[in-house]
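Asks:
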Amino acid sequence: MQQVKAVVARAEGAPVEVVTINVPDPGPGEAVVKIQACGVCHTDLHYRQGGINDEFPFLLGHEASGVVEAVGEGVTDVAPGDFVVLNWRAVCGECRACKRGELQYCFNTHNAKQKMTLEDGTELSPALGIGAFAEKTLVAAGQCTKVDPAARPAAVGLLGCGVMAGIGAAINTGAVTRGKSVAVIGCGGVGVAAIAGSALAGASPIIAVDIDAQKLEAAKKLGATHTIDSSTEDVVARVKEICGEVYDGAEGADVVIEAVGRPETWEQAFYARDLAGTVVLVGVPTPDMKVPQLPLIDVFGRGGALKSSWYGDCLPTRDFPMLVDLYQQGRLDLDAFVTEEIGIDDVEAAFEKMHHGNVLRSVVVL
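Okay, here's the thing in structure tokens:
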């Protein structure tokens, strides 16, 4: 067992604390990872606010990269010294999705069986089974994905959650390709990543929708060809207009990605898509939100698909190394997502900055 510094949320809404925690030696199928960088994600804030569940205290942090320090019995896919990005889809290989070869839909994912604890022995609940606002963390070995060790930790660690969710929503869930038009509603970290993924796939036009001028500017830097300020413009009408100018007869975008997670923006996405177009919901709604009461004839008459994207339908072993390679080649600007690098004592301040909307990601560097 080791003792390390970590960021813990003890109670709903209370400020986080940097405390000493106990990290067990890895057991069978487990690994201890020395964390190098970890992004501050909205999901961590949801945990702190009690919006995920009430299993306090939480060990926060999950968008992380680091170096494997030790592995337990039976671990063969990673070894001490490997540079890895952590993931929360350590596939089981045994559920129906895995057995039919669709590992990216596995919901029975593995976490470490042992618990990290506070000094007094109180068990911690690691965020998304990871808990990486810590000098070291214990995870299932399958949560470690080897990538190019020359890559910048602060940038590639973001593939562990938000950036992968956005890129995957476009490429994996939305099946965006060359010749398709895309609109993305909501240009936070996930939405801007969906724009970057659409650009990577060769889509055009790529339309960014938000109420914040700074976010729209960030979207342009990562591949948006058009922007819509939804506080002053009719989103559905403008998307139809832009797509109609590029593709004669188009009645909207081929793929509309909703990255806000609200009923009103989902309804905009529904009506902003072309006939037989696809809506992808990647924004995370709260449990009380409901799909708007759309006329069923509109659902039937427009055809296409209404999809949700969970973790960008990613398979970490397939997607993380590929995207890191594209980053290393200069074809995917992951550095653009890193607004600031901060210390482990600055997580609470980073949560406050989220409310002002002027950061894509604050990244804790250890």
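First residue of the sequence shown: 1, per UniProt numbering; consecutive thereafter.
We put the CB at the ideal spot given by N, CA and C, even for glycine.
Here the structure is a predicted model, which is why all the values come from computation and not from measurement.
Short check: CB of D254 to CB of D234, under 8 Å?
Replies: Contact annotation: D254 and D234 have beta-carbon atoms that are not nearer than 8 Å.
Asks: Taking the Cβ atom as the reference point for each residue, do F337 and L200 lie within a distance shorter than 8 Å?
Replies: Taking 8 Å as the cut-off, the beta carbon of F337 is found no closer than this to the beta carbon of L200.
Asks: On the DSSP letters alone, give me the boundaries of the alpha helix (DSSP H) that R318 sits inside.
Replies: P316 to Q328
Asks: Determine the DSSP secondary structure at V163, reduced to helix, strand or coil.
Replies: helix
Asks: So, for M164: in the same chain, excluding its five sequence neighbours on each side, which residues have a beta-carbon less than 6 Å away from its beta-carbon?
Replies: For M164, where only same-chain residues beyond five positions count, the Cβ hits under 6 Å are G312 and C314.
Asks: Mapping the DSSP letters down to three states, classify S309 as helix, strand or coil.
Replies: coil
Asks: What's the C-alpha gap between G81 and G343?
Replies: Near 23 Å, if we compare the C-alpha coordinates of G343 and G81.
Asks: Could you tell me which residues DSSP puts in a beta bridge with F58?
Replies: In DSSP, F58 forms a bridge with A9 and S125.
Asks: Can you list, in chain order, the residues of its chain whose CB lies under 6 Å from that of A97, leaving out five sequence neighbours each side?
Replies: Cβ within range, chain order: Y105 and C106.
Asks: Where do the N-terminal and C-terminal ends of the beta strand (DSSP E) with G142 fall, by residue?
Replies: Looking at the DSSP string, G142 is not in any beta strand (DSSP E), and its letter there is neither H nor E.
Asks: Give me whichever residues DSSP pairs with S65 in a beta bridge.
Replies: A37 and V85
Asks: Suppose the cutoff is 6 Å on Cβ atoms and the five residues either side in sequence are ignored; what does the same chain contact list for G191 look like?
Replies: V184 and A259
Asks: For H356, write down the residues that DSSP places opposite it in a beta bridge.
Replies: The partner list for H356 (beta bridge, DSSP) is empty, contrary to what the question assumes.
Asks: So, for V19: in the same chain, excluding its five sequence neighbours on each side, which residues have a beta-carbon less than 7 Å away from its beta-carbon?
Replies: A6, V8 and L118
Asks: Quick one: using the 10 Å Cβ neighbour count with 16 as the cut-off for buried, is R48 buried or exposed?
Replies: buried
Asks: Specify, as a first and last residue, the run of the alpha helix (DSSP H) that L198 falls within.
Replies: Per the sequence presented here, residue 198 reads as Ser, with Leu not at that position. Taken as a continuous stretch (DSSP letters only), the alpha helix (DSSP H) holding S198 covers G189 to A201.
Asks: Suppose the cutoff is 6 Å on Cβ atoms and the five residues either side in sequence are ignored; what does the same chain contact list for P292 look like?
Replies: P263 and E267
Asks: Here's a check: name, in chain order, each residue in its chain whose Cβ is nearer than 6 Å to the Cβ of S125, leaving out the five neighbours to either side.
Replies: The beta carbon of S125 sits closer than 6 Å to those of E55 and F58, all from its chain and outside the five residues before and after it, given in chain order.
Asks: Residues in the same chain with beta-carbon distance under 7 Å from I242, minus the five sequence neighbours each way, listed in chain order, please.
Replies: P205, I207 and H226, listed in sequence order.
Asks: Please report how far the alpha carbon of Q328 lies from the alpha carbon of G301, in whole angstroms.
Replies: 44 Å
Asks: Out of curiosity, what's the CA-to-CA distance linking A250 and S181?
Replies: 10 Å
Asks: Short of 6 Å in beta carbon distance, which residues of its chain neighbour A219, apart from the five on each side in sequence? Order them along the chain.
Replies: In chain order, C187, V192, I195 and A208 place their CB closer than 6 Å to the CB of A219, counting only its own chain and leaving out the 5 sequence neighbours on each side.
Asks: Output the boundary residues of the beta strand (DSSP E) element that contains R273.
Replies: In this chain, the beta strand (DSSP E) harbouring R273 covers R273 to L281.
Asks: Using the beta-carbon count (16 or more within 10 Å), is G202 buried or exposed?
Replies: Burial check for G202: the Cβ neighbour count within 10 Å stays below 16, so the residue is exposed.
Asks: Going by C-alpha to C-alpha distance, which of G61, V67 and N22 sits closest to T122?
Replies: The candidate whose alpha carbon is nearest that of T122 is N22.
Asks: Considering just the uninterrupted stretch of the alpha helix (DSSP H) at V365, what are its terminal residues?
Replies: Here V365 belongs to no alpha helix (DSSP H); instead the beta strand (DSSP E) covers S362 to V365.
Asks: Could you work out which residue in E135, H355, V67 and N87 is closest to A151 when comparing CA atoms only?
Replies: V67
Asks: Quick one: residues in its chain with C-beta nearer than 6 Å to the C-beta of V256, no 5 flanking neighbours on either side, listed in chain order?
Replies: Same-chain partners within the cutoff: A183, A269, A272, R273 and V279.
Asks: What whole-angstrom Cβ distance do C38 and G74 have, given they're in contact under 8 Å?
Replies: Contact flag wrong, Cβ pair sits at about 27 Å.
Asks: Classify T265: buried if its beta carbon has 16 or more other beta carbons within 10 angstroms, exposed otherwise.
Replies: buried
Asks: Pick out whichever of E340, A141, V347 and D345 has its Cα sitting closest to the Cα of V359.
Replies: Among E340, A141, V347 and D345, the Cα nearest to that of V359 belongs to E340.
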